[in-house]
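Working notes, beginning with the structure itself.
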Amino acid sequence: MNPTLSRILKGISVFLAVLAAVAYVGYMAVYVVYAVDLFQWPFDYDQGEGFELYDAILYSRGKWPYKDNAVYPYYASNYPPLFHLLIIPLLPIFGPHVVAGRVVSFVATLVTGGAIFAVVRRRVGGWFIPLISGLAFFASSYVYQTGPLCRMHMTMVMFETLAIAFIAEFQHPKHGGRNLILGLVMLLCAGYTKQMAVFTVVAALSFVFLRDVKKAVLSGVALAVVVGAVFWLLNAATDGQWWVNTIQANVNEFEYLQTIFFLKQWFDLHALFILLAAGYLIYELFWDRLSAYSLWFFFALGTGLLSGKWGAGFNYFTTAVAAACVCSGLALGRLRNVAARRHTVTEKAKSFAETTIAGASLASGVALGRLKKLLGQQAAARPLRDTAGSAATATRFSPKRAWCFLQSRWRSLRPWASLLLAVAIPLLYLLQAPLMLHLPTAGPVFGPLAQTLGVGGAVTQAHCTAYPYYDKMGYTQLGHLLTEDDYAAGEEILAYVRTSDGPVFSEEAMFSLLAGEPVVTNPTQLRNLYLNGLLDTTDIVARIDRQEFGVVIFRAQFYPDPVLQAIGQNYTTVETVCMNGFSYGILLPNRLLDDSKTQ
Amino acid sequence: MITKRQLGVIVIVLTLIGVDVVGAGEWSGFGPLQQMGVGVGIVGIIAGVILILRGNHPA
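Protein chains in written order, with the numbering used here: chain H, 655 to 1253; chain S, 656 to 714.
Right, here's the structure in full:
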């Protein structure tokens, strides 16, 4: 190998590795800035955050959030309890504020990224590939946007990642049993954080099944018994409302075009990680043993495919993002390790001999074939055989010989392959980085940075305003930083809630929680139950007809049609407030408006 | 321990069942869902056959 060229390649690889590390650390910085910004925002950023917090508050008071939706306050949760239980220890610190749940979720993403780093490092060694694999998780637009929200999804992904990491080591000679049990406990936690973890359960048990059928059956039965027992207890304790609210209410209509849209978006944003992970899966499927990580990547696609469900979104692909980060790291690490395998002197000599013999054999075989045509078989064969020597005796061109030749050439080129990969790996990570570009485009740091990256002045158009934020994924309701106008708008809406003449009928819970008012209704839950024929709206409509609610706050009008019609007949919009990019409709009862007209 | 051959058989069976379960087998015209079903089915069966040919290597 030319030492000068080698030195140049090494220099380039170091330079590219530093650039790639800077890019992915930069994404991490953007993520932290966004998270800190959200921690200060007291209102719902994503519809549903306040309801998650309210579930935690109910648990802290010893109450179930699984109740009859036909009875006042028409509220129930449609999710399992674990995320809400994890928030409870933070309530004394933060009070009944949404930041408690956001911190839990944010920490969950940090644990997930750390677990990805640890898995890749343990499997392939080194620092660069594990580091970028872990940071890549935070660089994903999907993780960035939903990571610091008071929603349970990222906590589920954390438990899934930990479950797979433990179960992948269930045949460890010393800690195999412990790892299997911990993995099953993590699966249980993931499932009782969000129901969608079922695909990871299938992946984990499939992996155990491939390696040890008996243990897979025992593990599956044990898990089913525990899950079933908890399920039965919850259902019995809530008079069957657990079943209605977490299972029946989640049967929504499915639009496969929505799934295809998200599938394409997921690929466009994470192309390198997905292609590498898919390649790793194919390699293991046909030429090696399937690992827990490849199977997880495959089954995580199942979770993503559910994104066509009403109410679902791109976050259904975050498990697949985590799995792709792990598998791509393993794929690149394996390639690097194969290329970097050191040769002993004997191996080098053997490689040289093989190359020489195979080369001579191939060349003479090809030449022999040509000469045979030109001179005739008898005249050409004898002298050439003498020249080629014993190694090329009776040689002919064949695919097998060509393959041997290529293999031996590959062995001799390994030192080069190692260097070329050292350049190619950071280069690939660098090429992937702009595919998921997202950052605020205004401010003393982000403004010039966005300008440098070619997205200076870019804005994201929301319903009623525009934010200086750029995201490669296109239209999104999340990701932007909050403005002073947003805070002012939140206080304006809160003023209506604080002076309300009666309970507050709001599509977001934080207004009621901040004003110390009872939380009334969970709109999406009411809608889902109504569409499934599981909601009696008689009582709620009667209360609306009597104009018992002091104020109605709309954001998306998710309520069932009879509820919306009753509100339309008895309440009037008095103001529309633009907050966090959404138009909030403030409706007061007609009785109050009539009174003010009379006066 | 499951072999590649056994995994191949499992993959083919699950592919056929899976494609039918998600509704691609409900024949009311050949729309995009059916096209996807056929595509997934063909890939699954090809993968299954290759795995069967891989013999008794551990899966």
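Built from N, CA and C at the ideal position, the CB exists for glycine as well.
Being a predicted model, the structure only gives us computed values, none of them experimental.
Less than 8 Å between the C-beta atoms of residue i and residue j, yes or no?
i          : j          : result
Pro1094(H) : Pro1122(H) : yes
Thr1230(H) : Leu1247(H) : no
Thr854(H)  : Thr973(H)  : yes
Tyr937(H)  : Val980(H)  : no
Ala985(H)  : Ala931(H)  : yes
Gln849(H)  : Met1127(H) : no
Val1217(H) : Leu1241(H) : no
Phe760(H)  : Ala689(H)  : yes
Asn1176(H) : Tyr699(H)  : no
Tyr713(H)  : Leu739(H)  : yes
Asn723(H)  : Leu1167(H) : no
Ala851(H)  : Ala857(H)  : no
Ser873(H)  : Leu864(H)  : no
Trp941(H)  : Ala977(H)  : no
Phe791(H)  : Thr809(H)  : no
Leu842(H)  : Val871(H)  : no
Val1173(H) : Phe1159(H) : no
Leu1274(H) : Thr900(H)  : With chain H represented from 655 up to 1253, any question about residue 1274(H) goes unanswered, as that position is not in the structure.
Leu803(H)  : Arg756(H)  : yes
Ile742(H)  : Ala710(H)  : yes
In the DSSP assignment, what residue or residues form a beta bridge with residue i?
i          : result
Ala736(H)  : Note that residue 736(H) is Leu in the sequence shown here, rather than Ala. None, per the DSSP bridge assignment.
Ser1237(H) : Cys1232(H)
Lys963(H)  : Phe908(H)
Thr1227(H) : Leu1241(H)
Thr1114(H) : Tyr1121(H)
Val1205(H) : Val1158(H)
Thr658(S)  : Pro713(S)
Tell me the DSSP secondary structure of residue i in three-state form.
i          : result
Thr892(H)  : coil
Gln815(H)  : Before going further, note that residue 815(H) is Thr rather than Gln in the sequence given. Correct three-state label for Thr815(H): helix.
Pro1094(H) : strand
Tyr681(H)  : helix
Gly1108(H) : coil
Phe951(H)  : helix
Asp1139(H) : helix
Val704(S)  : helix
Arg672(H)  : For the record, residue 672(H) in the displayed sequence is Val; it is not Arg. The answer is helix: DSSP assigns Val672(H) an H, G or I state.
Gly686(S)  : coil
Gly719(H)  : Correcting the residue identity first, residue 719(H) is Pro in this sequence and not Gly. If DSSP states are grouped into helix, strand and coil, Pro719(H) belongs with coil.
Met1164(H) : helix
Ala1042(H) : Caution is warranted here: a pLDDT of 45 is assigned to Ala1042(H), below 50, making its placement in the model unreliable, and no coordinate value can be reported.
Ala978(H)  : helix
Tyr1184(H) : helix
Glu1171(H) : coil
Pro1080(H) : helix
Asp698(H)  : coil
Pro1214(H) : coil
Val1099(H) : coil
Thr1047(H) : Residue placement at Thr1047(H) is flagged as unreliable, the pLDDT there being 45, under the threshold of 50; the coordinate-derived value follows with that caveat. Three-state result, Thr1047(H): coil.
Gly831(H)  : helix
Asp1199(H) : helix
Gly1128(H) : coil
Assuming residue i and residue j are in contact, meaning their beta carbons sit under 8 Å apart, how far apart are those beta carbons, in whole angstroms?
i          : j          : result
Asn991(H)  : Val752(H)  : Actually they are not in contact, since the Cβ atoms of Asn991(H) and Val752(H) sit about 45 Å apart, beyond 8 Å.
Ile1207(H) : Glu1162(H) : 7 Å
Gly703(S)  : Val666(S)  : 4 Å
Ser982(H)  : Phe971(H)  : Not really, about 15 Å apart at Cβ, beyond 8 Å.
Check whether chain S comes within 8 Å of residue i, counting only Cβ atoms and requiring the distance to be less than that.
i          : result
Phe863(H)  : yes
Val867(H)  : yes
Tyr910(H)  : yes
Lys1002(H) : Here Lys1002(H) scores only 49 on pLDDT, less than 50, and its place in the model should not be relied on; the value that follows carries that caveat. Not closer than 8 Å to any Cβ of chain S, the Cβ of Lys1002(H) fails to qualify, so no.
Val999(H)  : Low confidence applies to Val999(H): its pLDDT is 44, below 50, so where it sits in the model is not reliable, and the reading given next is rough at best. Taking Cβ atoms only, chain S never reaches closer than 8 Å to Val999(H), which makes this a no.
Shorter than 8 Å from the beta carbon of residue i to some beta carbon of chain H?
i         : result
Arg709(S) : yes
Ile608(S) : The structure shown has nothing for residue 608(S), since chain S only spans 656 to 714.
Ile657(S) : yes
Ile697(S) : no
Leu688(S) : yes
Ile705(S) : yes
Val664(S) : no
Ile701(S) : no
Is residue i close to the ligand NAP? I mean its beta-carbon at under 7 Å from any heavy atom of the ligand.
i         : result
Met656(S) : This structure simply doesn't include the ligand NAP, nor any ligand for that matter.
- Item | Residues within the stretch 928–946 of chain H neighbouring chain C, beta-carbon criterion of under 8 Å | Among the chains of the structure shown, chain C does not appear; the protein chains present are H and S.
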